[in-house]
Every structure is written in C-alpha cells, then in structure tokens.
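K.L.:
Structure below; questions to follow.
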Amino acid sequence: NAGVTQTPKFRILKIGQSMTLQCTQDMNHNYMYWYRQDPGMGLKLIYYSVGAGITDKGEVPNGYNVSRSTTEDFPLRLELAAPSQTSVYFCASSSPAGRQKPNEKLFFGSGTQLSVL
Amino acid sequence: RKEVEQDPGPFNVPEGATVAFNCTYSNSASQSFFWYRQDCRKEPKLLMSVYSSGNEDGRFTAQLNRASQYISLLIRDSKLSDSATYLCVVGPPRGYSTLTFGKGTMLLVSP
Numbered sequence: 002n003a004g005v006t007q008t009p010k011f012r013i014l015k016i017g018q019s020m021t022l023q024c025t026q027d028m029n030h031n032y033m034y035w036y037r038q039d040p041g042m043g044l045k046l047i048y049y050s051v052g053a054g055i056t057d058k059g060e061v062p063n064g065y066n067v068s069r070s071t072t073e074d075f076p077l078r079l080e081l082a083a084p085s086q087t088s089v090y091f092c093a094s095s096s097p098a099g100r101q102k103p104n105e106k107l108f109f110g111s112g113t114q115l116s117v118l
Numbered sequence: 574r575k576e577v578e579q580d581p582g583p584f585n586v587p588e589g590a591t592v593a594f595n596c597t598y599s600n601s602a603s604q605s606f607f608w609y610r611q612d613c614r615k616e617p618k619l620l621m622s623v624y625s626s627g628n629e630d631g632r633f634t635a636q637l638n639r640a641s642q643y644i645s646l647l648i649r650d651s652k653l654s655d656s657a658t659y660l661c662v663v664g665p666p667r668g669y670s671t672l673t674f675g676k677g678t679m680l681l682v683s684p
C-alpha cells in the first residue's frame with residue numbers, strides 16, 4: 002500500500018497564482034485532513050473531512066478551499082497565493098476506532114514545500 | 574494558556590543518557606493524548622499513545638497527569654537515531670473532532 006500520497010513535493014508560486022495540492026490515500030480511511038506547518042511552529046489544521054461529500058473548516062481556513070468527491074482524494078486549492086501561505090503542507094488520513102473516539106493514529110503524506118514569492 | 578505547550582529545546586544529550594520531556598495542555602476535558610515523532614523535513618509519525626495508567630514501549634515511557642494537566646515522555650538509553658522533534662498531541666473532549674499539536678521539542682543525541 003502506498004498510504005497517503007501528496008503531490009507535488011515542491012512548488013514555487015508567484016503572488017496571485019492559483020494551484021491545487023493533491024492528496025490521495027489507499028487505506029479506505031474516512032477522515033482526511035490538511036495541515037500547514039511553519040518553521041518552528043506546530044501543525045495548524047486548515048480543513049478536514051469526515052467522509053466523501055463532507056468538509057469542515059479547521060483553525061486556519063482562509064485562502065484555501067477543499068473538496069471531497071471520493072473517499073480517496075482530498076485536494077487543497079489555493080486561489081490567490083499570498084506570501085503568508087509559504088509553508089509546508091501535510092495531508093493526513095485516519096479511521097477512528099469508534100464513533101465516540103477521537104482519531105488515534107494519523108497517517109501523513111510526505112508533505113509539499115510551497116513558496117510564494 | 575496555550576492549548577498545548579512544550580519546551581522547544583533543543584535537548585542535547587549523549588548516547589546512553591535518559592531524557593524526559595513534558596507537555597502541558599489547557600483543556601481539562603481532553604480525552605486522548607499522544608506523542609508523535611517528526612524527523613527533519615519529514616512527516617510526523619505516531620510514536621505512542623499515552624494512557625491514564627502510564628505505558629511503556631521499549632525504551633520509551635509515557636505518563637499522564639490529569640490533575641496537573643501534563644503528559645511526559647521518558648527516553649532511556651538514548652540512541653543517535655532518537656534525534657528528532659517530539660510532538661505532543663492532545664485529542665478533543667468528546668465525539669469526533671480534531672487533534673491539537675504542540676510545536677514540538679527537539680532532541681539531539683550526540684556520540
């Protein structure tokens with residue numbers, strides 16, 4: 002199994018450009034997440050999804066959009082790139098043990114290093 | 574008080590040393606606790622969950638103190654390969670929700 006696959010690994014954008022970060026998982030996980038990690042900072046949740054067709058905002062959603070048309074894919078869209086969006090982006094997935102239990106183990110992709118200049 | 578707070582370090586220790594990290598959390602109703610490990614420029618990976626009674630996994634021991642709202646990670650007989658950033662992660666009070674990550678504590682193990 003490939004696990005969680007993110008593309009691209011690196012990208013440089015100009016201010017105002019748009020792009021989509023791709024994320025796909027082959028573990029049939031219901032829950033998927035997008036995090037960003039700035040240097041010396043913790044992971045900040047951008048958006049998450051509890052299943053196909055359902056998405057929710059996380060802590061820092063402004064400037065981003067997501068969709069979840071299938072269980073496997075959870076792309077992250079930047080519409081008008083800004084320097085403040087320079088960061089490392091991680092996609093993750095998980096499958097909680099039970100309805101009332103929070104996620105125990107997140108499986109992360111290898112990350113996308115994005116620079117907006 | 575920050576949601577999840579950790580000493581950023583770095584903790585510099587020689588091989589074979591014992592080192593401990595603490596992490597404090599602000600929400601007393603939090604129900605789940607974890608330690609993740611993150612190598613430089615890599616994705617985080619689950620190291621171990623933290624249970625109320627404390628738990629051990631080889632050289633790693635995790636403890637939870639609900640009264641004081643902190644969790645700890647003890648590493649015995651440190652190896653060079655233990656050099657990494659250790660992220661304290663706290664789960665929500667109930668139901669489905671998302672995890673909160675600390676900024677991490679950097680550990681450097683030297684020969």
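Chains as they are written, first to last, in our numbering: chain A, 2 to 118; chain B, 574 to 684. We put the beta carbon where it would ideally sit given N, CA and C, even for glycine.
Starting from Phe91(A), find everything on chain B with Cβ-Cβ shorter than 7 Å and list it in chain order.
P.N.:
The count along the first sequence starts at 1 and reaches residue 91(A) at position 90. Those are Glu616, listed as they occur along chain B.
K.L.:
Give me the Cβ distance between Lys618(B) and Tyr609(B), rounded to the nearest whole Å; I'm assuming they're in contact under 8 Å.
P.N.:
Counting from 1 along the second sequence, the entry for residue 618(B) is found at position 45. Counting from 1 along the second sequence, the entry for residue 609(B) is found at position 36. Right, the Cβ-Cβ distance comes to about 6 Å (below 8 Å), so this counts as a contact.
K.L.:
Assuming Val5(A) and Asn31(A) make a contact with CB atoms under 8 Å, what is their CB distance in whole Å?
P.N.:
The sequence position of residue 5(A) within the first sequence is 4, counting from 1. The sequence position of residue 31(A) within the first sequence is 30, counting from 1. The pair is not a contact, with the Cβ atoms about 14 Å apart (cut-off 8 Å).
K.L.:
In angstroms, rounded to a whole number, what distance separates the CA positions of Asn628(B) and Asp27(A)?
P.N.:
The sequence position of residue 628(B) within the second sequence is 55, counting from 1. The sequence position of residue 27(A) within the first sequence is 26, counting from 1. Distance between the alpha carbons of Asn628(B) and Asp27(A): 31 Å.
K.L.:
Just to confirm, are Glu80(A) and Asn63(A) a CB contact at a threshold of 8 Å?
P.N.:
For the purposes of this step, residue 80(A) is taken as residue 79 along the first sequence, with counting starting at 1. For the purposes of this step, residue 63(A) is taken as residue 62 along the first sequence, with counting starting at 1. The answer is no: Cβ separation not under 8 Å.
K.L.:
Compile a chain-ordered list of the residues in the segment 617-636 of chain B whose CB is closer than 8 Å to at least one CB of chain A.
P.N.:
Pro617, Lys618, Leu619, Ser622
K.L.:
Closer than 7 Å, Cβ to any Cβ of chain B: which residues of the segment 46-72 of chain A, in chain order?
P.N.:
If the cut-off is 7 Å between Cβ atoms, the segment 46-72 of chain A has Leu46, Tyr49, Val51, Gly59 near chain B.
K.L.:
Can you list, in chain order, the residues of its chain whose CB lies under 6 Å from that of Val61(A), leaving out five sequence neighbours each side?
P.N.:
Stepping through the first sequence from its first residue, residue 61(A) is reached at position 60. The answer, listed in chain order, is Lys45, Ile47.
K.L.:
Hey, out of Arg614(B), Ala602(B), Thr597(B), whose CA is closest to Gln636(B)'s CA?
P.N.:
Taking the second sequence and counting its residues from 1, the one referred to as residue 636(B) is at position 63. Checking every option, the nearest Cα to that of Gln636(B) belongs to Thr597(B).
K.L.:
I need the straight-line Cα distance from Leu77(A) to Gly43(A), nearest angstrom please.
P.N.:
Locating residue 77(A) in the first sequence gives position 76, counting from the first residue. Locating residue 43(A) in the first sequence gives position 42, counting from the first residue. Going by the C-alpha atoms only, they are around 19 Å apart.
K.L.:
Can you check which of these residues, Leu118(A), Leu115(A), Trp35(A), is closest to Ser94(A) by C-alpha distance?
P.N.:
Residue numbering aside, residue 94(A) sits at position 93 when the first sequence is read from its first letter. Checking every option, the nearest Cα to that of Ser94(A) belongs to Trp35(A).
K.L.:
Quick one, which of Ser645(B), Tyr643(B), Ser656(B) has its alpha-carbon nearest Pro583(B)'s?
P.N.:
Position 10 of the second sequence, counted from the first residue, corresponds to residue 583(B). Ranking the options by Cα distance to Pro583(B), first place goes to Ser656(B).
K.L.:
Using a Cβ-Cβ cutoff of less than 8 Å, which residues in the same chain neighbour Ala53(A) once the five nearest sequence positions on both sides are dropped?
P.N.:
Working through the first sequence from its first residue, we reach residue 53(A) at position 52. Excluding sequence neighbours, Ala53(A) sits near Arg69, Ser70, Thr71, Thr72.
K.L.:
My understanding is that Glu616(B) touches Phe91(A), with C-beta atoms under 8 Å, so please give their C-beta distance in whole angstroms.
P.N.:
Within the second sequence, residue 616(B) is the residue found at index 43, counting from 1. Within the first sequence, residue 91(A) is the residue found at index 90, counting from 1. So it is a contact: roughly 6 Å between Cβ atoms.
K.L.:
What are the complete alpha helix (DSSP H) segments, minimum 4 residues, inside the segment 628-652 of chain B?
P.N.:
none
K.L.:
Our contact map puts Ile644(B) next to Phe674(B) with C-beta atoms below 8 Å; I'd like the distance itself, whole angstroms only.
P.N.:
By 1-based counting over the second sequence, the position of residue 644(B) is 71. By 1-based counting over the second sequence, the position of residue 674(B) is 101. Actually they do not touch by this definition, with Cβ atoms about 13 Å apart.
K.L.:
Suppose you measure from the CA of Ser626(B) to the CA of Ala640(B); what does that come to, to the nearest Å?
P.N.:
The residue labelled residue 626(B) in the question sits at position 53 within the second sequence. The residue labelled residue 640(B) in the question sits at position 67 within the second sequence. Straight-line Cα distance between these residues: approximately 13 Å.
K.L.:
Give me the Cβ distance between Arg632(B) and Asp612(B), rounded to the nearest whole Å; I'm assuming they're in contact under 8 Å.
P.N.:
In the second sequence, counting from the first residue as 1, residue 632(B) sits at position 59. In the second sequence, counting from the first residue as 1, residue 612(B) sits at position 39. Going by Cβ atoms, the distance from Arg632(B) to Asp612(B) rounds to 17 Å, so no, they are not a contact pair.
K.L.:
Note down the Cα distance separating Glu588(B) from Ala82(A), rounded to an integer number of angstroms.
P.N.:
Position 15 of the second sequence, counting from 1, holds the residue named residue 588(B). Position 81 of the first sequence, counting from 1, holds the residue named residue 82(A). For Glu588(B) and Ala82(A), the distance between alpha carbons rounds to 45 Å.
K.L.:
Which stretch, first to last residue, makes up the beta strand (DSSP E) that contains Tyr34(A)?
P.N.:
In the first sequence, counting from the first residue as 1, residue 34(A) sits at position 33. Per DSSP, Tyr34(A) belongs to the beta strand (DSSP E) from 32-38.
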